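Chemist:
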Amino acid sequence: MNTAAKPLAVAHRGDPYHHRENTLPSVESALAAGADAVEVDVQLTRDRVPVLLHDRTLERLWGDPRSIDRVTTEQLAELRHGPLAVPTLAEAIEVVAAVDSRRLLIDLDDAVPVAATWSAVTELGAQRSVAFCGPVTAMLAVRELAPDAEIALTWKQPRMPVRALLDDLRPRYLNPPFGLVTPEFTAAAAEQGLAVSTWTADLRRTMRRLRAAGVSSITSNRISVLRSVLDGRR
């Protein structure tokens, strides 16, 4: 991702209004709708393969009560709903990297999946095709392994992070929920050398407010709506 006058349009878990979240059809649909980046969540299987899944269990999306860390990749491949399956991170990277200038934004809630995630990225030579977001502990783990990785620090407080943390982490973006974003917040971030990315805006009026507040990136479940708002079509 990069800072631009027009905020970047980031698709939250793909295009979940049209396809099941965190699946390859959802990622592909988001790209087709004009997403600059696609945000996905990563969990580890029992054999420590990073896959696209937000929850700790397979219950909500796949109707299976097992925790993802109790299921092997081979077992996971058997859990299909028609054409849908839980994709590996590597599969998602390949889909996004095949489209010029698009990126995968990997959301990591904690440090546990970081090493396996970075290994998957480097094995594909996809360092330039990915960026990372998440809380302090996860992003510090990313920074330790990846000195040049692009990071959006998820931040849920109105005050700015302390300088020592920013010096250690070197994030490009401060990444608050949209309710925290005001022109004053983006100005304070800019004083610290930070652009602002924000999530998860699904209403047109919210998207317009965030753009007016000076954010550099907006994440939405409604990527086609966000694209139209940012492009000034309606």
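According to my numbering, the sequence shown is numbered sequentially starting from 1.
All residues carry an ideal CB built from backbone N, CA and C; glycine is no exception.
Just so we're clear, the structure is a prediction, and the values are computed from it rather than from any experiment.
Give the list of continuous beta strand (DSSP E) stretches no shorter than 3 residues that lie fully inside the stretch 145-173.
Modeler: The qualifying runs are 151-154.
Chemist: For the candidate residues Gly232, Thr57 and Ser26, whose alpha-carbon lies nearest to that of threonine 45?
Modeler: Thr57
Chemist: When the Cα of alanine 35 is compared with those of Ser224, Gly232, Val229 and Arg233, which residue comes out closest?
Modeler: Ser224
Chemist: Go ahead and label proline 87 buried or exposed: buried means 16 or more other beta carbons lie within 10 angstroms of its beta carbon, across all protein chains shown.
Modeler: buried
Chemist: Let me check understanding here. Comparing Cα to Cα, which of Asp202, Arg222 and Ala195 lies closest to lysine 6?
Modeler: Ala195
Chemist: Checking 7 Å against the spacing of the C-beta atoms, do phenylalanine 132 and alanine 111 come in under that value?
Modeler: no
Chemist: Count the other CB atoms, across all protein chains shown, that sit within 10 Å of the CB of alanine 4; report buried if there are 16 or more and exposed otherwise.
Modeler: Confidence at alanine 4 is low in this model, with a pLDDT of 46, below 50, so its placement is unreliable and the value that follows should be read with caution. When all chains shown are included, alanine 4 counts as exposed.
Chemist: Among Phe178, Gln157 and Gln127, which one has its Cα closest to the Cα of arginine 102?
Modeler: Gln127
Chemist: Provide the residue span of the alpha helix (DSSP H) that contains serine 224, from first to last.
Modeler: 223-230
Chemist: Could you give the DSSP three-state label for asparagine 2: helix, strand or coil?
Modeler: Reliability of the predicted coordinates at asparagine 2 is poor, the pLDDT of 41 falling under 50, and the value obtained from them is presented with this limitation in mind. The answer is coil: DSSP assigns asparagine 2 none of H, G, I, E or B.
Chemist: What residues in its chain sit with their C-beta under 6 Å from that of aspartate 47, if we drop five residues either side in the sequence?
Modeler: Thr72 and Thr73
Chemist: What do you get for histidine 12, buried or exposed, if any count of 16 or more other CB atoms within 10 angstroms of its CB means buried?
Modeler: buried
Chemist: What is the rounded straight-line gap between the Cα of aspartate 202 and the Cα of leucine 24?
Modeler: 21 Å
Chemist: Could you compute how far the alpha carbon of tryptophan 155 sits from the alpha carbon of proline 177?
Modeler: 8 Å
Chemist: Near glycine 134, which residues of its chain fall below 7 Å by C-beta distance, leaving aside the five closest residues on each side in sequence?
Modeler: Asp107, Leu108, Asp109 and Thr154
Chemist: Bridge partners of alanine 258, per DSSP?
Modeler: Residue numbering for the chain in the displayed model covers 1 to 234; residue 258 lies beyond these limits and cannot be assessed.
Chemist: If distances are taken between C-alpha atoms only, which option among His81, His54, Gly63 and Ala92 comes closest to valine 27?
Modeler: Ala92
Chemist: Can you check which of these residues, Leu52, Arg204, Val181 and Asp167, is closest to threonine 198 by C-alpha distance?
Modeler: Val181
Chemist: So does the stretch 210-230 actually touch the stretch 14-23, counting three or more Cβ pairs closer than 8 Å?
Modeler: yes
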